[in-house]
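J.: Just so we're aligned: 52 in full-length UniProt numbering is position 52 of the sequence shown, and the numbers increase by one with no gaps anywhere. I'd like to ask some things about the structure below.
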Amino acid sequence: MKKIVLFITVSVIMLMAFTTTPFAQLPLRVVVNGNRVNFPDAEPFIDDNGRTQVPVRFVSEALGAEVGWEGSTKTVTISQGDKEIKIVIGKKDYTINGEKNLMDTEALLKEDRTFVPVRFVSEGLGARVDWDPAVRTVYIDTREKGDSKDDIPKDGGFEEVNGFLVPKDTNIIVVNSSSDIIETSISINILRPNFEQQIGDLVFVIESRFGKDIANEIEKHVRQKKSRWTYLPEKYIYVKETNQYIWISRSEAGDIPIDIMVPGYVPDTSQYDDIVVEWGN
């Protein structure tokens, strides 16, 4: 009897250890006036005080502000019109047009970037800030309510497609496939508006299901597409955890198809010379 109980206990522990929820580790997302902010070399994070920290330059520029840095005093200056915010690294007090204010966290240096708490900076510039914990997204808006048809809904701004979390404001395509060997089809196109944002949304979608490493591999490959006529070779990426391949088709025009193969399907790549097969995590 003791052996049976021990077996059941061990089985439950192993099941808990290897079971993951699809959206447990969604990347943080910052949307300013309906447009997602891309962070090319340093990503936002939530600090020990529960505040979202962002690289100051990218968000400030998205808000139309200028950023200055004084290395000797470790002071960041954010200027927009008649407003000026000064934040000192490592301190909770900051000023808006010379008037002292207090944060419940502090700005910091990380990965050679200056990070600031996004709410205090955005509200200091007069913007509205909303946080949607379900999809880990900060919405920042400087527009008057109702002025834009592009306002992003705070509820239902995303939809689930085959385990992927897909922004409703995106111009990439994510659909169920009718093929017996393809589970989900994703498409980006260099001829559509804002190719850079398409890549950012593609990374977000892939990361929501397969994690950061796989998303980074796909991003690295598709970024080789510099223009409509740039040749992009095929590539397969194997996802060990789900036993399935991600197939990035060759592209000789504007479209870049990315297909998620059904689990267990093994592609035959022996007949091609330019296909790259990589083994993901």
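Beta carbons: idealized from backbone N, C-alpha and C, even for Gly. If you're wondering where the values come from, they're calculated on a predicted model, not measured in any experiment.
1. Using a Cβ-Cβ cutoff of less than 6 Å, which residues in the same chain neighbour residue 147 once the five nearest sequence positions on both sides are dropped?
2. Just to confirm my understanding: we take residue 92, look at its own chain, exclude 5 residues before and 5 after, and list those with CB closer than 8 Å. What are they?
3. Does the segment 247 to 256 come close enough to the segment 158 to 176 to have 3 or more Cβ pairs within less than 8 Å?
4. Any idea which residues DSSP pairs residue 68 with across the strands?
5. Would a C-beta distance cut-off of 8 Å place residue 116 and residue 138 closer than the cut-off?
6. If you scan the segment 40 to 64 from start to end, which runs of the alpha helix (DSSP H) of 4 or more residues do you find wholly inside it?
7. Residue 62 and residue 80 - do their beta-carbons sit closer together than 8 Å?
8. What residue range does the alpha helix (DSSP H) around residue 159 cover?
9. Do residue 227 and residue 258 come within 8 Å of each other at the CB atom, strictly closer than that value?
10. Locate the beta strand (DSSP E) running through residue 323, then write down its first and last residues.
11. In three-state terms, what does DSSP make of residue 267?
12. If you scan the segment 148 to 228 from start to end, which runs of the alpha helix (DSSP H) of 4 or more residues do you find wholly inside it?
13. Once DSSP output is grouped into helix, strand and coil, what is the label at residue 249?
14. DSSP puts residue 139 in a beta bridge; with which residues?
15. Return the Cβ separation of residue 122 and residue 140 in integer angstroms, given the expectation that the two are a contact with Cβ distance under 8 Å.
16. Taking the C-alpha atoms as reference points, what is the distance between residue 211 and residue 241?
17. Applying the criterion that 16 or more other CB atoms from any shown protein chain within 10 Å of the CB defines a buried residue, is residue 128 buried or exposed?
18. Leaving out five residues before and five after residue 47 in sequence, what residues of the same chain have Cβ atoms less than 7 Å from its Cβ?
T.: Judging by the given coordinates:
1. With a pLDDT of 49 at residue 147, under the threshold of 50, the modelled position of that residue is not reliable, and no figure is offered here.
2. Closer than 8 Å at the Cβ level, and outside the excluded window around residue 92, lie 102, 103, 104, 105 and 106.
3. At 8 Å Cβ cutoff, the stretches do not touch.
4. Residue 68 is bridged by DSSP to 77.
5. Residue 138 sits away from residue 116, with the two beta carbons spaced by 8 Å or more.
6. Here the runs fully enclosed are 56 to 62.
7. For residue 80 and residue 62, no; Cβs fall outside 8 Å.
8. Per DSSP, residue 159 lies in no alpha helix (DSSP H); the unbroken beta strand (DSSP E) holding it starts and ends at 158 to 161.
9. At a Cβ-Cβ threshold of 8 Å, residue 258 and residue 227 do not count as neighbours.
10. Nothing about residue 323 can be reported from this structure: the residues present for the chain run from 1 to 281 only.
11. The answer is coil: DSSP assigns residue 267 none of H, G, I, E or B.
12. The segment 148 to 228 contains these whole alpha helix (DSSP H) runs: 195 to 210 and 212 to 222.
13. Note: residue 249 maps to coil in three-state DSSP.
14. 31 and 130, per the DSSP bridge assignment.
15. Sure, about 5 Å apart at Cβ, within 8 Å.
16. Going by the C-alpha atoms only, they are around 11 Å apart.
17. Label assigned to residue 128: exposed.
18. Result list for residue 47: 53 and 105, in chain order.
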